[in-house]
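2 protein chains.
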Amino acid sequence: MTREQEGNLPDTAAEVLREFARMSGEGVDTANCPVRDVLDRVGEKWTLLILVAMSDEPRRFSALQREVGDISKRMLTQTLRTLERDGLVTRTVYPTKPPSVDYRLTGLGRSVLTPLAGLIGWAGQKHDEIRAAREAYDEREGVAA
Amino acid sequence: MTREQEGNLPDTAAEVLREFARMSGEGVDTANCPVRDVLDRVGEKWTLLILVAMSDEPRRFSALQREVGDISKRMLTQTLRTLERDGLVTRTVYPTKPPSVDYRLTGLGRSVLTPLAGLIGWAGQKHDEIRAAREAYDEREGVAA
DNA sequence: CTGTATCCCCGATGATACTG
DNA sequence: CAGTATCATCGGGGATACAG
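Protein chains in written order, with the working numbering: chain A, 2 to 146; chain B, 2 to 146.
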């Protein structure tokens, strides 16, 4: 753990990583790992898109479906229920006819947008570099099987 | 404690999210979305653990397998290859007998640790709140099917 | 020690049809 | 409009055996 290895990593980040490494390395199983538990959600196919779609204002079910793009009602419902259960989203039903329902982020839900934006920003910044690395790799290793 | 109280995102984060929403909302398919492309990786089951395990210093194959815990050789190899292809990790073979191989983060690979630490930190901080939300939800909605 | 090659299973996701 | 129910599929990921 020499200092040059960590290079330009902010101390707070390094601290968080060490803490996490300690927790996850020591035979703690996945079920007991808060981070895996939460991160798996973010990894789900539609979670990120839905959170972002709601980030500025509440959205109705159909609006979300349109904005997210290719999602089925089934998956939209399922993902929204998970988010609601986790306390990131609030569901509000207006018993009009036909009914309308809106979904909005809770405080907890909004609070995840900041770290998420960090990752999204990184992805946007580095995507060219990553694509280039892939092409170089494929050429080195032979893209054809 | 400035204006970022309960509801306000830092301006930079809000900006990133708007930018991303614009890109992903407009009928751009998943294949062309840099962010989905990159984020899907992070969502893969082992990527995060492996990156963190390598975060402080290079690791040998067997060391990674021990540290990550429950991963099979198959998945470890596969995930490492993906990371290598994406330019996040360098693989170095020492033709000793028996051979030894080490994996280390590239500059690009280290650069993702910062946003990742943001998310990991969030997960650690909010996990109690999330667990509480789940219990409340399950009680409201009836845990039994 | 560091992988590859197979086989297999299950859960995540999609498609479609139906309902309050 | 906002879902639910059901069936079909596809691939991620585990287990195991083999190899350089």
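C-beta atoms are modelled at their ideal positions from N, C-alpha and C, and glycine is treated no differently.
Computed from a predicted structure; not experimentally measured.
Query, Result
"For residue 115 of chain B and residue 10 of chain A, believed in contact at Cβ under 8 angstroms, the rounded distance", "6 angstroms"
"Distance, residue 24 of chain A Cα to residue 3 of chain A Cα", "Bear in mind that a pLDDT of 47 at residue 3 of chain A, under 50, signals an unreliable position, so the model cannot answer this."
"Those runs of the beta strand (DSSP E) which lie wholly inside the stretch 60-131 of chain B and span at least 3 residues", "90-95, 101-106"
"Helix, strand or coil at residue 24 of chain B [DSSP, three-state]", "helix"
"CA-to-CA distance, residue 79 of chain B to residue 89 of chain B, given in whole angstroms", "14 angstroms"
"Cβ of residue 25 of chain B within 8 angstroms of any chain A Cβ", "yes"
"CB of residue 36 of chain B within 8 angstroms of CB of residue 124 of chain A, strictly", "yes"
"Chain A contact for residue 114 of chain B (CB, 8 angstroms cutoff)", "yes"
"Residue 131 of chain B at chain A interface by Cβ criterion, 8 angstroms", "yes"
"Presumed contact (8 angstroms Cβ cut-off) between residue 53 of chain B and residue 21 of chain A, rounded CB distance", "6 angstroms"
"Residue 106 of chain A and residue 56 of chain A closer than 8 angstroms at C-beta", "yes"
"Boundaries of the alpha helix (DSSP H) in which residue 35 of chain B is found, first to last residue", "35-44"
"Closest Cα partner of residue 84 of chain A within the set A/142, A/44, A/126", "A/44"
"Exposed unless 16 or more other CB atoms sit within 10 angstroms - verdict on residue 6 of chain B", "Only weak support is given to the placement of residue 6 of chain B: the predicted model assigns it a pLDDT of 48, under 50, and the value that follows is read from those uncertain coordinates. So residue 6 of chain B ends up on the exposed side."
"Whether residue 69 of chain B touches residue 51 of chain B by CB criterion (8 angstroms)", "yes"
"Beta-carbon neighbours of residue 87 of chain B, restricted to chain A and to distances below 7 angstroms", "131, 134, 135"
"Closer than 8 angstroms to chain A by CB, residue 72 of chain B", "no"
"Outcome for residue 95 of chain B when other beta-carbon atoms lying within 10 angstroms are tallied against a minimum of 16", "exposed"
"Cα-Cα separation between residue 65 of chain B and residue 34 of chain A, rounded to whole angstroms", "18 angstroms"
"Delimiting residues of the alpha helix (DSSP H) encompassing residue 50 of chain A", "48-54"
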